[in-house]
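These notes are about the structure you will find just below.
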Amino acid sequence: MRRIDRSQLEQLCHLAQRDGRTLIGPTVRDGAIALAPITTAADLPVGWTDVQAPGRYRLSRTQGQRAFDFVVGPNSAKEQFFKPREPLYRAERRADGRVGFVAIVPEPEKRALLGVRACDLAAIAVQDAVFVEGAMRDPRYASRRADTLVIAVHCTRAGSLCFCASMGTGPKVNSGADLALAEREHDLLIEALTPAGEALLAQLSSEEASGEDLRWLDESVESARASMGRHVDTRAVHERLFAQLEHPRWKEVADRCLSCGNCTSVCPTCFCSTTEDRSDLDGSTAERDRLWESCFSREHSELHGHAVRGSTEQRYRQWLTHKLGAWVSQFGASGCVGCGRCIAWCPAGIDLTEELAALSTSDARALMPVAAPCAEEGRDEAMVPSPARVLSVTRESSDVVTLALAIDEPRPFAPGQFYQLSIPGIGEAPISVSGRDGAGVEHTIRAVGSLTRALCELSPGSELGVRGPYGRGWPMRELAGAPVVVVAGGIGLAPLREALRQMLADPQQYPDVRLFYGARTPEDLLYAREMLGWTDRRGFQLSITVDRSSPTWRGNVGVVTRLLKRSTVPDAARAILCGPEVMMRFTIQALARLGVTHDRIWLTMERHMKCATGHCGRCQFGPYFVCKDGPVFRYDEVASLFGRDGI
Amino acid sequence: MPIPPTVLAELSFAKRLSPDACAALAEIAEMETFPAGAVLFREGDLPGGVYLVLDGRVTLTMRAGGGESAVLSLGTDELVGWSSLLHRTRVATATVSRAAQLVRIPASALLELCERDPRVGYAIMAQAFEDVSDRLVDTRMQLLDLYGRRG
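If you read the protein sequences in the order shown, they are chains G and Y.
When you line the first sequence up against the working numbering, it's residues 216 to 862, in that order.
When you line the second sequence up against the working numbering, it's residues 30 to 180, in that order.
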């Protein structure tokens with residue numbers, strides 16, 4: 216630990232900008248202390264402090280000359296690495312006439328962050344876990360983050376909304392920085408935590424800190440810890456929150472919440488995003504941008520035209536249960552670092568700590584999965600499609616077609632996985648693989664929205680963008696050797712078809728396969744001709760039913776669960792399902808009556824997928840990201856949340 | 030053709046009945062075979078027989094919008110014509126859609142059996158209620174139009 220004179224701050228700012236490094240530090244801007252590019256110590260908010268309360272943030276003059284005499288302003292380091300808006304790729308017509316997709320990834324940038332607090336360092340670590348430490352790495356975030364020099368500041372005073380002590384993130388800086396400062400009126404204590412920090416410190420004029428200095432630091436940090444304006448009880452908070460999904464408090468807080476999304480904007484860890492596609496007027500180029508988005512907006516909860524969380528109550532519950540609950544299962548750490556920004560910047564003054572306390576009246580706990588570290592080496596996922604060409608189009612019914620696609624540089628896929636199909640300027644959607652046809656990868660698509668309609672209108676030779684495959688597919692290995700019951704509803708047969716084909720091609724591994732398939736009308740049955748061809752395979756049974764028909768239909772009429780009720784299934788049978796959620800719910804009940812337990816049922820949560828990498832946040836389903844952890848789940852993994860409204 | 034009580038006992042409809050009650054039911058029941066296309070009863074007909082499917086398929090249709098729509102098909106071990114248990118006219122037309130072997134029980138004799146021994150009556154009505162309740166749930170699901178545009 217060393218001591219430097221206040222005048223050395225100028226030198227520190229100068230050194231931090233060497234080698235073309237951009238210095239980001241606190242400065243007074245628009246009536247707040249913002250983190251922004253600065254060049255000199257004179258840009259620091261010397262003589263300013265902040266006064267915070269629920270729904271309130273004001274700057275106030277101090278009599279002193281400290282530069283870090285505030286707690287946290289509205290913006291954190293988040294926007295330095297995860298940009299509020301940035302382009303992902305450009306699609307353009309190549310010289311050879313084909314569609315090309317050009318990734319837009321920034322060159323590695325050098326940054327120095329000055330004045331970052333312990334809570335925000337924890338937030339950076341949390342965002343690193345989201346964007347670069349998982350199975351898929353966002354190269355844009357990684358590029359901006361790779362070379363960051365961090366000069367942090369110990370908090371020697373706690374704000375009225377601070378609760379980092381509860382969250383275990385502060386007030387002292389322990390890691391995540393190269394240098395840590397502690398500021399007094401006339402001088403600063405400084406400590407190097409990394410070799411880069413040591414090198415920088417060596418170029419400052421400093422003295423060894425005295426025993427009294429060290430005591431002052433310890434006492435100040437302890438006093439800050441003891442005077443936190445807010446407190447939360449974090450013991451098993453993730454399990455306690457998920458046991459309170461029906462608590463009346465959600466409704467009460469929703470009555471005050473404006474759904475404005477301020478809390479998520481100022482939160483240093485919130486990472487949800489959306490995308491926008493735009494094209495120029497002559498259609499020769501198109502670009503896709505990524506933008507910050509909030510789980511408080513109805514649009515963010517929309518998946519394939521349906522708002523999963525239609526009410527503010529459901530969206531507030533989603534935010535809080537994710538931030539303090541699901542995050543623990545997903546990343547092994549809370550998504551809340553205790554900075555208090557969401558309280559100060561909420562126009563209604565909603566206080567997260569107060570809400571948590573109100574929701575913690577019971578000790579009931581939900582069983583939550585434990586976060587598992589990513590088993591594989593992360594790979595760059597730039598969210599840029601590869602060019603693909605339509606080889607053939609098969610019309611399955613009035614609104615469903617199957618496209619066989621030739622994909623440039625294809626990777627092998629497993630049944631139940633999905634691809635992201637995109638048409639430049641229109642959009643992108645996750646679509647399950649429905650099979651393989653020679654060199655082509657098949658996707659069966661129903662025209663429901665603008666993109667799927669456009670996909671259904673493609674003809675052989677048309678070009679589109681494809682990325683994938685993604686996700687966890689059907690558990691082919693667990694199904695081997697056991698009788699397999701396959702239950703499909705409507706278009707839900709598509710993600711099951713390749714699994715069926717593989718099982719039928721290997722009767723030794725899959726000696727007993729029974730397909731129960733329900734569709735709306737006989738005209739809506741998919742793959743009818745192919746299914747007829749399957750019926751003479753030994754060990755395969757096919758039962759089909761439709762919801763309604765003309766009297767000329769001699770087959771079954773009624774729901775698919777009625778077919779199940781009429782049958783018996785062998786002991787140890789396993790079941791895989793795909794269809795509308797209600798159908799799957801009733802199917803699970805019918806299977807239970809036939810003796811098929813929850814741990815022998817797998818289903819796909821298809822409709823919850825969005826960007827495929829888990830980065831956009833839309834595929835949240837309790838403790839899971841459907842895109843990464845699913846879309847296929849064993850039912851007992853999701854049983855407590857499946858079919859519940861607004862999850 | 031008379032039906033052996035042992036065959037009857039294997040059907041869900043008789044699962045709540047004692048062997049004696051099952052034998053009494055067999056006495057009033059008959060086994061009949063029908064070719065595909067045979068009409069068991071038509072929508073609006075007066076109450077008549079109650080049927081249990083041993084084999085084959087019966088499809089229920091209703092008149093709607095100038096046409097006929099199939100609303101449900103019934104197969105092995107399922108009950109056809111429950112409305113006669115309530116003395117009601119037929120609510121749908123029942124047509125054999127795949128050659129069927131059925132148990133036919135005249136509703137009047139069945140109700141008489143129920144009246145004579147309320148325990149048997151309760152068992153039969155409880156089973157019919159279970160079947161009708163399953164049908165109600167199915168109908169609700171069909172109403173939801175699961176696989177329609179929002180499905």
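Just so it is clear, CB atoms sit at the ideal spot from N, CA and C, and this is done for glycine as well.
Every value quoted in this text rests on a predicted model; they were computed, and no experiment measured them.
For the region 549–565 of chain G against the region 360–379 of chain G, are there 3 or more C-beta pairs whose distance is under 8 angstroms? The region 549–565 of chain G is in contact with the region 360–379 of chain G.
Taking Arg445(G) and Thr568(G) to be in contact with their CB atoms under 8 angstroms, please state how far apart those CB atoms are, rounded to whole angstroms. 4 angstroms
May I have a chain-ordered list of the alpha helix (DSSP H) segments no shorter than 4 residues that lie completely inside the region 115–161 of chain Y? Fully enclosed alpha helix (DSSP H) runs of 4 or longer: 136–145.
Find the nearest neighbour of Cys561(G) within the set Ser488(G), Gly476(G), Asp497(G), judged by alpha-carbon distance. Gly476(G)
Less than 7 angstroms between C-beta atoms, sequence neighbours within five positions excluded: which residues of the same chain meet that for Thr776(G)? Phe801, Thr802, Ala805
Which of the three DSSP states is assigned to Thr35(Y) in this structure? In this structure, Thr35(Y) counts as helix in the three-state DSSP scheme.
Cutting at 6 angstroms between CB atoms, please list the residues of its own chain near Ala380(G), excluding the five before and the five after it. These residues qualify, in order along the chain: Arg440, Met443.
Residues of its chain near Asp74(Y), where Cβ-Cβ distance is below 7 angstroms and the 5 sequence neighbours each way are ignored: Thr118, Arg119
Counting only runs of 4+ residues fully inside the region 764–850 of chain G, write out the alpha helix (DSSP H) ranges in chain order. 775–780, 796–808, 841–844
Boundaries of the beta strand (DSSP E) in which Arg313(G) is found, first to last residue: No beta strand (DSSP E) contains Arg313(G), which DSSP labels as neither H nor E.
Check this for me: beta carbons of His369(G) and Val436(G), under 8 angstroms apart or not? yes
Relative to chain G, which residues along the region 98–111 of chain Y have a C-beta separation below 9 angstroms, given in chain order? Ser98, Ala99, Val100, Leu101, Ser102, Leu103, Gly104, Thr105, Asp106, Glu107
Does the CB of Met820(G) have a neighbour CB from chain Y at under 8 angstroms? No - not a single Cβ of chain Y is within 8 angstroms of the one on Met820(G).
Cutoff 8 angstroms; reference Ser674(G); Cβ partners in own chain excluding five residues on either side: So the qualifying residues of the chain are Val605, Val608.
Distance cutoff 8 angstroms, beta carbons only. Does Met443(G) sit that close to anything in chain Y? no
Looking at chain Y, which residues of the region 679–713 of chain G have a Cβ within less than 8 angstroms of any of its Cβ atoms? Gly704, Gly705, Ile706
Do the region 514–534 of chain G and the region 463–480 of chain G make contact, defined as three or more Cβ pairs closer than 8 angstroms? yes
Looking only at DSSP bridge pairs, what is Glu643(G) linked to? Ser637(G)
Nearest candidate by alpha-carbon position, reference Phe63(Y), set Val149(Y), Pro76(Y), Ala123(Y): Ala123(Y)
At 8 angstroms on the CB atoms, spell out the chain G contacts of Ser113(Y), in chain order. Going along chain G, no residue has its Cβ under 8 angstroms from Ser113(Y), so there is no contact; the nearest lies around 21 angstroms.
What's the C-alpha gap between Tyr732(G) and Leu741(G)? 10 angstroms
What would DSSP say about Gly374(G), mapped onto helix, strand or coil? Correct three-state label for Gly374(G): coil.
Taking Cβ-Cβ distances below 8 angstroms as the criterion, which residues of the region 784–817 of chain G are in contact with chain Y? Gly794, Pro795, Val797, Met798, Phe801
For the alpha helix (DSSP H) holding Pro410(G), just list the boundary residues, first then last. Run containing Pro410(G): 410–417, per the alpha helix (DSSP H) assignment.
Roughly how many whole angstroms lie between the Cα atoms of Glu159(Y) and Met382(G)? Those two C-alpha atoms are separated by around 54 angstroms.
Which of helix, strand or coil does DSSP assign to Asp167(Y)? helix
Could you name the residues of chain G that Thr35(Y) contacts, counting a contact when the two beta carbons are closer than 7 angstroms? Neighbours of Thr35(Y) on chain G: none; closest Cβ ~19 angstroms, over 7 angstroms.
In three-state DSSP terms, what is Ile565(G)? Reduced to three states, the DSSP call for Ile565(G) is coil.
Flag Tyr80(Y) as yes if its beta-carbon sits less than 8 angstroms from any beta-carbon of chain G, otherwise no. Answer no: the Cβ-Cβ gap between Tyr80(Y) and chain G never drops below 8 angstroms.
What runs of the beta strand (DSSP E), each 3 residues or longer, lie entirely inside the region 504–565 of chain G? none
For Met718(G), three-class secondary structure by DSSP: helix
Quick one: which unbroken alpha helix (DSSP H) runs of 4-plus residues sit fully inside the region 254–339 of chain G? Chain order, please. Those alpha helix (DSSP H) runs which fall completely within the region 254–339 of chain G and span 4+ residues are 293–296.
Ala703(G) lies in the beta strand (DSSP E); which residues open and close that run? Here the beta strand (DSSP E) through Ala703(G) covers 699–704.
Extent of the continuous alpha helix (DSSP H) run through Val585(G): Careful: Val585(G) lies outside any alpha helix (DSSP H) and carries neither H nor E.
Mind checking Tyr151(Y): buried by the 16 CB within 10 Å criterion, or exposed? exposed
Given a cut-off of 8 angstroms on the beta-carbon distance, is the pair Gln724(G) and Tyr685(G) in contact? no
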